[in-house]
Structure formats: C-alpha cells, structure tokens
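Structure record follows, encoded as structure tokens.
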Amino acid sequence: MSSPALRLTNLHAGYGDVRVLRGVDLELPVGAIVALIGSNGAGKTTLLRTVSGLLRPTAGTIELGGERIDTLPPHRVVEAGFVQSPEGKQLFTGMTILENLIVGAHTPRARARRAETLEEVFELFPILAERRQSPASALSGGQQQMVAVGRALMALPRVLALDEPSLGLAPIMVDRLFESIARIRQRNLSILIIEQNVFQVLEMADSAYVLENGQISMSGTGEALLKNDHLRETYLGL
Amino acid sequence: MDPLILSFAVVNGVLLGGIYGGVALGLSLIFGVLRVVNFAHGSFLMLSLYIAFWCWSLLGLDPYLSVFVTVPAMFGLGYFVQSVIISPLIRRERALVVEPLSALLLTAGVFLVLDNLALMAFGPNVRAVQVDYYLPSPMLGPIPLNPQRLIGALAAVLVALGLSWWLRHSHMGRAIRATAQNRDAAALSGINVPFVYAVTFGIGCAVLGLFGSLIAPFMPISPSIGVAFGIKSFIVVVLGGLGSIPGCIVGGMVIGVFEAVASQHITATSAAIGSLGLFILILLVRPQGIMGRA
Chain A
0 MSSPALRLTN
10 LHAGYGDVRV
20 LRGVDLELPV
30 GAIVALIGSN
40 GAGKTTLLRT
50 VSGLLRPTAG
60 TIELGGERID
70 TLPPHRVVEA
80 GFVQSPEGKQ
90 LFTGMTILEN
100 LIVGAHTPRA
110 RARRAETLEE
120 VFELFPILAE
130 RRQSPASALS
140 GGQQQMVAVG
150 RALMALPRVL
160 ALDEPSLGLA
170 PIMVDRLFES
180 IARIRQRNLS
190 ILIIEQNVFQ
200 VLEMADSAYV
210 LENGQISMSG
220 TGEALLKNDH
230 LRETYLGL
Chain B
0 MDPLILSFAV
10 VNGVLLGGIY
20 GGVALGLSLI
30 FGVLRVVNFA
40 HGSFLMLSLY
50 IAFWCWSLLG
60 LDPYLSVFVT
70 VPAMFGLGYF
80 VQSVIISPLI
90 RRERALVVEP
100 LSALLLTAGV
110 FLVLDNLALM
120 AFGPNVRAVQ
130 VDYYLPSPML
140 GPIPLNPQRL
150 IGALAAVLVA
160 LGLSWWLRHS
170 HMGRAIRATA
180 QNRDAAALSG
190 INVPFVYAVT
200 FGIGCAVLGL
210 FGSLIAPFMP
220 ISPSIGVAFG
230 IKSFIVVVLG
240 GLGSIPGCIV
250 GGMVIGVFEA
260 VASQHITATS
270 AAIGSLGLFI
280 LILLVRPQGI
290 MGRA
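Residue numbers (numbering that gives the first Met the number 0), protein chains in the order written: chain A, 0 to 237; chain B, 0 to 293.
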C-alpha cells in the first residue's frame with residue numbers, strides 16, 4: 000500500500016510552556032481534500048506552523064509521502080512539497096501581484112517550471128493576470144486571498160494547506176474560491192483545508208477532522224460529521 | 000557671503016555627503032532586512048581601512064586596487080558574524096520580531112571587541128596611506144573638485160543605484176525583499192531565511208569594504224576611527240529614512256552640505272553639533288525620514 004500524502008502521528012507542539020497540540024493523529028490520502036475544523040484556539044494554525052517547520056514538534060512525527068519532514072527547516076519542507084497559504088494571507092505588501100507569485104516559485108524545483116505554473120495560476124484566477132502589476136496592498140480581500148493561494152501553488156506543492164481561506168470574504172467570493180479549490184483538486188493535489196466555514200467545507204471535503212483542545216475529538220467523512228449532533232451544536236449552531 | 004566660496008562649500012559638501020551616504024548604505028540595508036541595528040558598523044569600516052592600509056604598506060598595493068581584497072574579505076566577515084554570532088539570537092526568537100535591544104547589545108559587544116582588538120594589535124598610532132602619484136582635479140565651472148572625494152561620491156551613487164536595481168530584479172534580490180517584508184511568509188515560500196540574512200549582512204559589510212578602500216587615500220587611520228563614522232551613519236540612515244537606499248545617499252548629502260556650509264561661518268566642530276540640531280529638526284517635521292515610508 001502506498002503511503003498517504005501527509006501523516007501526523009502523535010504530534011505534540013507548543014510555545015514555551017504552553018502545550019497547544021497534544022497528540023494529534025491525522026492522515027491525508029493522496030489526491031484527497033481533508034478538512035480540519037475547530038474553534039478559535041484549538042490549535043489549527045499551530046498545527047500548520049508545525050508541519051511547515053516554523054515550530055518544532057516536541058514529540059511525534061510528520062511524514063510527507065512516507066518521508067519524515069519533522070526536522071527540516073521551513074524552506075526544505077517547501078522543497079519537499081508541503082506548502083501552505085498562511086492565515087491572514089501574509090502577502091508581501093510592498094510588491095506587485097506578479098512579484099508575490101514569482102517569489103512563491105523560489106525553490107529550484109519550482110523555478111524550473113515557473114513560466115508554466117504562472118500561466119496555470121492566471122488561468123485559475125484571471126483577475127490576477129489582469130492586475131499583475133498592481134501592488135498587493137491595493138487588492139480587495141478576495142483578490143488577496145487568490146494571490147496567497149496562487150503564491151502557494153507557484154511552489155508546486157504535493158500537499159497544499161489552506162488556512163482559513165474564507166476568512167473575511169463576502170459569501171460570493173467564498174463560493175468562487177471554493178470553486179477554484181475544486182478545480183485545483185483536479186491537478187491530483189492533496190489538500191488540507193482549515194475552515195471556520197464548516198458547512199461549506201464539509202460538503203466539499205472527502206473527510207474531516209475536528210480539533211478540540213489540541214486533540215482530534217472526531218473524524219469521519221464530511222457527510223457523517225454533518226449528521227453528528229455534537230458537531231452540529233458546537234460549530235453550526237443548529 | 001561670496002557666492003563662489005558658498006558654491007565651493009556646497010559642492011564639497013555634496014561630495015563628502017555622498018561618501019557619508021555610501022558608508023551608511025550597509026547599515027541601512029541590514030536594518031531594512033534584518034531589523035538589526037548594527038552597532039559595530041563603524042568598526043567594520045575601521046577594519047576595512049586597516050585592510051586597505053596593510054595591503055598598501057606590506058604588499059605595495061594601491062588603495063584603489065585593494066578593493067579586490069577588502070570587498071570579499073568584508074563580505075566573508077559579515078557573513079560569518081551574522082551566521083555565527085547574531086543568527087542564534089534570531090533563531091531563538093523565531094516566530095516573533097527580533098528584540099531590538101538584545102540585537103543592539105550583541106552588536107555593541109562586537110563593536111567593543113573589534114575596536115579593542117584593533118587597539119591591541121595595531122596600537123593607538125594614527126597611520127596614513129601615502130600614494131606617490133597625483134590625481135588631477137577636474138573642474139566644475141570655476142570650482143575644482145577633490146578627485147578622491149569625487150571618486151568616493153560617484154561610487155556611492157553607483158553602488159546605491161546598482162543595489163536598488165539588483166534588489167528589484169534579481170532572484171536573490173527578490174528573496175531579500177520578501178524576507179524583509181515578511182520573514183515567515185518568505186520561509187513558507189521556500190526561501191532559506193538564515194542564508195538570506197547572512198548574505199544581506201555580508202553585502203552590507205562588503206559595501207563598507209569598498210568604502211574603506213576608497214577613503215583610505217585621504218583618511219587618517221586609527222582604531223577609534225569607526226566611532227565617528229558609525230554615529231554619522233546612524234544619523235544619515237535615520238535622516239534619509241530607515242531602510243531606504245536612495246534616502247541614504249540623500250541623507251548623507253544633506254548632512255554633508257549642511258556641515259560644509261555651516262563651517263564657513265563657524266568652526267567645523269560647532270558645525271557638526273549644528274548638524275545634530277538639523278537632524279532633530281527634520282525628524283520633528285518628517286519622523287519617517289526624508290525618503291522613508293510613513
């Protein structure tokens with residue numbers, strides 16, 4: 000059996016004495032969309048920072064396509080194929096859209112086919128092609144989100160992680176973004192998506208994990224979780 | 000006041016100010032990217048001057064040719080200081096902004112060590128490079144230009160233009176700008192941030208290496224020469240706008256012209272005090288510096 004695109008085993012991490020992740024197990028099959036949901040402070044962003052190498056795990060392992068990546072520095076994690084579009088977009092605001100995208104293709108692997116990837120990103124988000132010379136700071140929230148996702152795609156990820164892509168977007172922009180994510184999926188990319196917009200993401204994801212107090216409290220297919228009473232009460236308010 | 004003398008002072012101030020700006024470039028670049036105030040900036044210039052001096056006195060190398068020694072040597076030293084001495088501090092504060100005070104204290108330590116090592120090794124004597132040729136003075140209308148200062152000022156403008164262009168258009172330059180704007184986002188784009196920091200620090204010091212060679216022909220060299228240049232560089236960088244490369248040259252020229260003109264009326268020492276007054280005055284009106292972004 001081939002190894003999953005991403006596997007976290009008993010992952011612990013935190014800031015100083017504050018333990019945020021307390022034994023997370025998670026598996027992302029190749030080509031799947033997996034959602035990670037949880038309330039504020041549950042540790043979702045910490046989990047992505049740990050996988051990206053910005054934060055060192057205190058225990059546990061992270062495997063990308065069967066290879067351990069938990070001791071690699073952040074730029075090597077990107078080279079290995081795990082790329083995230085971080086929370087709050089984190090664009091290079093002093094640069095143009097085009098420059099933001101080009102910086103995304105920094106690793107030698109990504110740089111070698113930068114022109115082709117750029118065309119693909121522009122095809123996915125035509126508005127970015129139109130406004131490529133605009134400064135990133137002059138964009139609307141939705142367009143900034145497209146730049147953030149586009150920049151992550153420029154690095155040629157095997158696993159793409161999206162941290163709260165719908166945060167602060169108008170509903171129509173969220174629809175469009177999720178359409179794009181569905182299209183990105185057709186490139187046989189594995190996607191880990193963190194969302195507060197639980198209803199929509201559960202419909203789209205193949206499976207989902209619920210993170211509570213630094214531990215996985217529930218997991219299953221999106222459909223099954225949508226029927227779960229605890230989840231409906233806590234996250235959907237139904 | 001006689002207009003010829005005044006214009007002579009202005010021209011001289013522009014040339015000297017250009018050199019101030021060139022010397023300060025590295026400080027501005029390093030602060031702009033690493034957010035580290037390099038207190039040892041002047042000491043690195045002092046080392047460059049000594050390298051140029053020893054190249055001339057031991058090897059008979061013309062100070063202008065010694066750039067081929069000072070520039071790579073200072074790049075290497077800067078790379079080393081960043082990756083071995085300062086980097087652990089930044090790594091410790093990985094997810095946060097570098098604590099400005101701790102970086103300042105650390106580089107202040109580097110400054111104390113370097114200046115005192117130089118004092119131990121070279122002694123307090125003032126040394127000077129003496130070249131046995133005479134450079135002709137080009138004329139700007141009726142005003143003769145000091146050739147050595149002209150070379151220094153031209154080099155400052157060229158280096159500033161070249162550096163800006165390189166930062167804007169090269170692969171490494173883009174990575175440096177990205178790292179300066181958002182360290183974490185740069186790392187998440189696959190940029191090796193510690194390497195970018197070390198290269199940036201190296202470039203900042205290499206520019207000092209260049210100016211060490213260029214001002215060696217007319218600068219008396221002693222272990223304490225760095226302090227004066229270090230303080231002047233701080234003023235120039237803050238005045239021009241922190242992290243702004245063109246601002247650095249402009250800031251240098253403002254200080255240079257002010258000092259040159261003021262010293263026509265008062266003693267040169269008082270003029271230097273006056274330039275601090277001007278500095279405070281400009282910052283009161285424009286706290287972000289002349290070309291800095293608010």
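Even glycine gets a Cβ: it sits at the ideal position worked out from N, Cα and C.
What's the gap between the Cα of residue i and the Cα of residue j?
i, j, result
"B:V227", "B:S212", "Note that residue 227 of chain B corresponds to Ala in the displayed sequence, not to Val. Their Cα atoms are separated by approximately 17 Å."
"B:P286", "A:V23", "49 Å"
"A:R123", "A:M145", "The residue you asked about is not Arg; residue 123 of chain A is Leu in the sequence shown. For A:L123 and A:M145, the distance between alpha carbons rounds to 9 Å."
"B:M73", "A:R131", "39 Å"
"B:L162", "A:L53", "30 Å"
"B:I4", "B:V158", "30 Å"
"B:L275", "B:H264", "17 Å"
"B:V68", "B:A51", "8 Å"
"B:S221", "B:I230", "16 Å"
"A:D69", "A:P56", "7 Å"
"A:L230", "A:G65", "31 Å"
"A:L20", "A:S38", "14 Å"
"A:E232", "A:L225", "10 Å"
"A:I96", "A:A135", "5 Å"
"B:L144", "B:S6", "12 Å"
"A:A169", "B:L149", "59 Å"
"A:A204", "B:V236", "52 Å"
"A:L27", "A:Q195", "19 Å"
"B:L238", "A:T49", "41 Å"
"A:F91", "A:T106", "17 Å"
"B:A94", "A:Y208", "Confidence at B:A94 is low in this model, with a pLDDT of 48, below 50, so the placement of that residue should be treated as unreliable; the coordinate-derived value is given next. So the two alpha carbons sit approximately 26 Å from each other."
"B:V96", "B:L48", "The predicted position of B:V96 is uncertain, since its pLDDT is 49 and thus under 50; a value taken from the coordinates is nonetheless stated next. Answer to the nearest angstrom: the Cα atoms are 34 Å apart."
"B:G242", "B:G208", "20 Å"
"A:G93", "B:C247", "19 Å"
"A:I61", "A:V17", "20 Å"
"A:R150", "A:E202", "26 Å"
Specify, as a first and last residue, the run of the beta strand (DSSP E) that residue i falls within.
i, result
"A:G59", "A58 to L63"
"A:A104", "Here A:A104 belongs to no beta strand (DSSP E), and DSSP marks it neither H nor E."
"A:D24", "V17 to L27"
"A:R150", "From DSSP, A:R150 is part of no beta strand (DSSP E) but of the alpha helix (DSSP H) over G140 to M153."
"A:L210", "S206 to E211"
"A:A160", "V158 to D162"
"A:Q214", "Q214 to T220"
"A:S189", "S189 to E194"
"B:V128", "Taken as a continuous stretch (DSSP letters only), B:V128 belongs to no beta strand (DSSP E), as it is neither H nor E."
"A:A34", "I32 to I36"
Kindly give me the distance between the Cβ atoms of residue i and residue j, rounded to whole angstroms, as I take these residues to be in contact under 8 Å.
i, j, result
"A:E78", "B:G189", "6 Å"
"B:A8", "B:V253", "Actually they are not in contact, since the Cβ atoms of B:A8 and B:V253 sit about 14 Å apart, beyond 8 Å."
"A:S165", "A:L176", "7 Å"
"B:A215", "B:P62", "4 Å"
"A:L210", "A:A41", "5 Å"
"A:L25", "A:L7", "4 Å"
"B:R182", "B:V192", "6 Å"
"A:V200", "A:A34", "5 Å"
If you follow the alpha helix (DSSP H) that residue i is part of, which residue opens it and which one closes it?
i, result
"B:S6", "P2 to L33"
"A:R48", "K43 to S51"
"B:A184", "R182 to L187"
"B:R91", "S86 to R91"
"A:T116", "R113 to L123"
"A:Q132", "Careful: A:Q132 lies outside any alpha helix (DSSP H) and carries neither H nor E."
"A:F177", "P170 to R184"
"B:P71", "V66 to F79"
"A:Q199", "V197 to M203"
"B:I265", "From DSSP, B:I265 is part of no alpha helix (DSSP H); its letter is neither H nor E."
"B:L58", "H40 to L58"
State the beta-bridge partners of residue i as determined by DSSP.
i, result
"A:L5", "A:L27 and A:L63"
"B:V235", "Its beta-bridge partners do not exist; DSSP assigns none."
"A:G13", "A:R18"
"B:P286", "BP columns for B:P286 are empty, so no partner."
"B:P252", "The sequence given here has Met at residue 252 of chain B, not Pro. Beta-bridge pairing links B:M252 to no other residue."
"B:I220", "B:R126"
"B:T106", "Looking at the DSSP assignment, B:T106 forms no beta bridge with any residue, so it has no partner."
"B:M138", "B:P143"
"A:T95", "A:P134"
Flag residue i as yes when its Cβ comes closer than 8 Å to any non-hydrogen atom of the ligand PLP, and as no otherwise.
i, result
"A:L90", "With respect to the ligand PLP, the structure shown offers nothing to examine, as it has no ligands at all."
Extract the residue ranges of the beta strand (DSSP E) inside the region 68-93 of chain A, only unbroken runs of 3 or more that lie entirely within it. 81-84
Return the chain-ordered ranges of every alpha helix (DSSP H) run that is complete within the region 189-216 of chain B and spans a minimum of 4 residues. 192-214
Members of the region 70-101 of chain A that neighbour chain D once the beta carbon cut-off is set at 9 Å: Any reference to chain D falls outside this structure, whose protein chains are A and B.
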